[in-house]
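Q: What follows is a single structure, and I will ask about it in a moment.
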Amino acid sequence: MESTRQRLIKILESNKNAYLSGQELSRRLDVSRTAVWKHMKELEKDGYKIEAAPRKGYRIVAFPDKVTKNTLRWGLNTIRIGKEIFHYEQVGSTQEIIHQLVQEGYGHGTVVVADEQVKGKGRMSRPWHSGKNQGIWMSLLLKPELPPVQAPQITLLTAVVLAEVFASATELTPQIKWPNDILINHKKIAGILTEMQAEQDQIQYIVLGIGINVNHDQQSIPEDIRHKATSLKIESQKSWEINWLIQLILETFENTYEQFLDKGFQSVKEKWEKYGYKIGEEVTISTMRKTWPATLVGIESDGALLTRTNDGKQKKLYSAEIHWGDDGYNANP
Amino acid sequence: MYKVEVSTAFIVECYKELLIPVIKSVIKKQGVPSMLKVQEIRELIRLIDDSKIDEFCFETNGTKVTMKKQGGQVVSQQLQEPVQAAAPVQEEKQPQPEPVKEKTEQKPAQEENKQEAPAASQSDYDAEVTSPMVGTFYTASSPDSDPYVRVGDKVKPDSVVCIVEAMKLFNEIEAEVSGEIVEILAEDGELVEYGQPLFRVKTV
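Pasting the structure below:
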C-alpha cells in the first residue's frame, strides 16, 4: 500500500505545470486540508520545492537531489529490488548493515544506501574511499535459488549492469576489467564487492556492494590513487543526480537479474565481452605459486576468465592476481 | 533415497561440476518428498540443454524427472509417484554406452577423496568442510586479521571457518557441524578445487 506521501508526490508530478488546490488534493488523497499542508511541509524537508499560490493552490517546482528514503522510493520502477530501502547519512559500511538486516529477517531486494561510509570495504577489507554525497555507496541483499558455484556470475552481471547504465546515461565508454571493476579511460570508476553466506549446496544470501565515484572533483580523490581512479564528473565534466542514477541502476539490475534467472548466463556473457577490458591483449597472471604471461581470450560460459598461454594452451581462471601493465595498476589495488 | 542416471556418449567434467550442486541442493531441500521447484527444473533443463547429455533421469522419494533430447530440444517430464511405505530401492542400472554414474553423497564424489580414505590420515576426525567452488582459500577476512579458526578451536554449525574467493565473490564458509577443528588442509592464499576438503572436524 502506497503511503499518502507517495501518492501526493505522484499527483504533483503528473500535474507538474498546473496548480492543484488544497481542496482538490484533500479530496483525491482522502485526508483533511490540514493533513495535506502537513505533508507538504514534510516534503519540503526532503528537498522538494513547492510553490503555494493564493487561490490557485500548490505546484511542485523542483524535485530534490537530496537522497532520502522517500526520494529514492518515489518513481522507482521495480518490483522486488528496492522494495525495502534504508538510507543513512553515515554508516561504517553498507555491507555490514545488510548483514544485520538479514538477522532481522529482511529479504531479497532490500537496499541500503549511505551518503558516506567511514569504513567502506573493498576486497579483503581494504579501505574504500567513500566521501560524503560524492558517490553511490550501496548494498543489495539477494537470495537467489542457485547453487553456490553459480553465484560469482552475479558479480559479473552487476558489472554489466553498471557498464550499461554508464553507457546509456553518459557519453562515456565504460570497460569491465575481469571480473568486475568498471573503468573509464583506463581508470577505475566503480567497484563491486560480493559477499556470500552459503552452505555446500545452497546459498543463504548474497550481499552485493556497489561503490561508484560520481561527483568527485580531481582534488577530492586521494592523491595516491589519482592516477588510477576517476569519477563520472571528472570524465564527463558535469555533475550527476545521485537519486536518478541509483534508480536507474536498480531498475537495470532487476531486469538483467530476472533475465539471467530465466535464460542463464549467456546473455550476460555476451554483454560482458562487449565491455571486456584488454581482451586479445597480453597480461601477466600470478597465483600464490607462480607467475606467467597470457593473452586474454574472453570469458567462459560460467564466467571464468579464459586465457591462452604462449604455448597456445587455453586455461580457465577463477581466481588470480592479474597484472594489467598500465601504471602498475593491477586487479586488486 | 535418490537415484541419478545420466546416459550419454560422453560427459565433460564441467557439466558434472554444474550438475552435482543442483542435484544436491534439490536433495537437501527434500527432507520430505516434494515436487521440484519450477526454478530447479528450469535450471536442470538449461544445464542439460547446454550439455551433450541426451537422456537424464533424476529420482528422489516419490518424484522423478526424466529429460530426453528430441532434435536438440530438452523434453522434460515430472512424475509424482505414490509414496511407498518401504524405503525405495537405491539401485543403479548400467546404461549401455559408457555409463556415467553420479553417486551423490554428502561430500562430492571426487576421486581424490576416495584415495585418501580414512586410513591415510593420522588425525581423528569425522567430518570435513569442503570447498563449494573453485577459488582462492583465505583463512582470515583480511591479511591483518586473525584467522577465523585455528587447530583446536571449537566451532558451531554457523561458525565462519574461512573464505573462498572466486571471481571476486567472497564466500564465507560455515562449519555446518559442531565440533573441534583437528586439521587445516589448505594454505592461506592457495587455489582450491570444487569439493576439496579444507578442514577436518571432530564432531561432538
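Chains as they are written, first to last, in my numbering: chain A, 1 to 333; chain B, 1001 to 1204.
Glycine included, every Cβ here is placed at the ideal spot set by N, Cα and C.
Since we're looking at a predicted model, the values are computed, not measured.
(1) Does DSSP put Ala-114/A in a helix, in a strand, or in coil?
(2) Rounded to whole angstroms, what is the Cα-Cα separation between Arg-1046/B and Leu-261/A?
(3) At a Cβ cut of 9 Å, what residues of the segment 1169-1182 of chain B count as close to chain A, listed as they run along the chain?
(4) Return the bridge partner residues of Pro-293/A from the DSSP annotation.
(5) Can you tell me whether Gly-298/A is helix, strand or coil according to DSSP?
(6) Would the beta-carbon of Ile-210/A fall within 9 Å of that of Leu-141/A?
(7) Return the CA-CA distance between Gln-23/A and Phe-63/A, expressed in angstroms with no decimal places.
(8) According to DSSP, is Val-1207/B part of a helix, a strand, or is it coil?
(9) From Asn-77/A to Ala-1186/B, what does the alpha carbon distance come to, in whole angstroms?
(10) With DSSP as the reference, please indicate the residues paired to Gly-57/A in a beta bridge.
(11) Here's a check: name, in chain order, each residue in its chain whose Cβ is nearer than 8 Å to the Cβ of Thr-4/A, leaving out the five neighbours to either side.
(12) Which chain B residues are close to Tyr-318/A, counting only those with a beta carbon under 7 Å from its beta carbon?
(13) Let's test the definition: count the other Cβ atoms within 10 Å of the Cβ of Phe-1171/B and tell me whether it reaches 16, buried, or not, exposed.
(14) By Cβ distance below 8 Å, which residues in the same chain neighbour Ser-236/A in space, the five residues on each side in sequence not counted?
(15) At 8 Å on the CB atoms, spell out the chain B contacts of Gly-303/A, in chain order.
(16) With DSSP as the reference, please indicate the residues paired to Gly-276/A in a beta bridge.
(17) Looking only at its own chain, which residues have a Cβ that is under 6 Å from the Cβ of Ala-190/A, when we skip the five neighbours before and after it?
(18) Mind listing, in chain order, the continuous beta strand (DSSP E) runs of no fewer than 3 residues lying wholly within the segment 189-219 of chain A?
(19) Determine, using beta carbons only, whether Tyr-1125/B comes closer than 9 Å to chain A.
(20) Between Leu-72/A and Gly-280/A, what straight-line distance do the alpha-carbon atoms span, to the nearest angstrom?
(21) For chain B, find out if any of its Cβ atoms is closer than 9 Å to the Cβ of Ile-154/A; answer yes or no.
(22) Report back the beta-carbon spacing between Ala-245/A and Ile-136/A to the nearest angstrom; my notes put them in contact at under 8 Å.
(23) At the level of alpha carbons, what is the spacing between Gly-1189/B and Lys-49/A?
(24) Taking the straight line between their C-alpha atoms, what separation do you get for Asp-217/A and Ala-114/A?
(25) Could you tell me whether any Cβ in chain A is nearer than 9 Å to the Cβ of Gly-1152/B?
(26) Apply the 10 Å Cβ neighbour rule to Ala-151/A and answer buried if 16 or more other Cβ atoms are within range, or exposed otherwise.
(27) Count the C-beta pairs between the segment 1152-1160 of chain B and the segment 217-232 of chain A that are closer than 8 Å, then say yes if the count reaches three, no if not.
(28) So, for Met-258/A: in the same chain, excluding its five sequence neighbours on each side, which residues have a beta-carbon less than 7 Å away from its beta-carbon?
(29) Going along the chain, which residues of its own chain have a beta-carbon closer than 8 Å to the beta-carbon of Val-1161/B, five neighbours each way excluded?
(30) For the alpha helix (DSSP H) that Thr-34/A lies in, which residues bound it at each end?
(31) In the DSSP assignment, find the unbroken beta strand (DSSP E) run with Arg-1200/B in it and report its ends.
(32) Along the chain, where does the beta strand (DSSP E) that runs through Asn-1171/B open and close?
(33) At 9 Å on the CB atoms, spell out the chain A contacts of Glu-1190/B, in chain order.
(34) Please confirm if Met-196/A has its CB atom under 9 Å from at least one CB of chain B.
(35) Of the residues Gly-264/A, Thr-94/A and Asp-311/A, which one's Cα is nearest the Cα of Ile-1048/B?
(36) What does Pro-179/A touch in chain B if you count any residue whose Cβ is under 7 Å from its own?
A: Short version:
(1) strand
(2) Taking the Cα positions, Arg-1046/B is about 11 Å away from Leu-261/A.
(3) Leu-1169, Phe-1170, Asn-1171, Glu-1172, Ile-1173, Glu-1174 and Glu-1176
(4) Thr-284/A
(5) strand
(6) no
(7) 23 Å
(8) No information on residue 1207/B is available, as it lies outside the stretch 1001 to 1204 that chain B covers here.
(9) 46 Å
(10) Ala-53/A
(11) Leu-29, Val-31, Ala-35 and His-39
(12) Residues of chain B passing the Cβ test: Val-1134, Gly-1135, Ala-1166 and Met-1167.
(13) The question names Phe, but residue 1171/B is Asn in the sequence shown. Answer is buried; the Cβ neighbour count reaches 16.
(14) Thr-170, Glu-171 and Leu-172
(15) Under the 8 Å cutoff, chain B gives Met-1167.
(16) DSSP, once it has assigned bridges, lists Ile-176/A as partnering Gly-276/A.
(17) Leu-162, Ile-182 and Ile-212
(18) 203-213
(19) no
(20) 40 Å
(21) Between Ile-154/A and chain B, the shortest Cβ-Cβ separation is below 9 Å.
(22) According to the sequence as given, residue 245/A is Leu; it is not Ala. Indeed, because the Cβ distance is near 6 Å, the residues count as touching under 8 Å.
(23) Linking Gly-1189/B to Lys-49/A through their CA atoms gives a straight-line distance of about 54 Å.
(24) 19 Å
(25) no
(26) buried
(27) no
(28) At residue 258/A the sequence reads Glu, which differs from the Met that was named. Excluding positions up to five away in sequence, the list is empty.
(29) Excluding sequence neighbours, Val-1161/B sits near Val-1129, Tyr-1148, Val-1149, Val-1155, Ile-1173, Glu-1174, Ala-1175, Ile-1181, Leu-1198 and Phe-1199.
(30) 33-45
(31) 1197-1203
(32) In this chain, the beta strand (DSSP E) harbouring Asn-1171/B covers 1169-1174.
(33) Scanning chain A for C-beta atoms nearer than 9 Å to the C-beta of Glu-1190/B yields Thr-287, Met-288 and Arg-289, reported in chain order.
(34) yes
(35) Gly-264/A
(36) Met-1167 and Lys-1168
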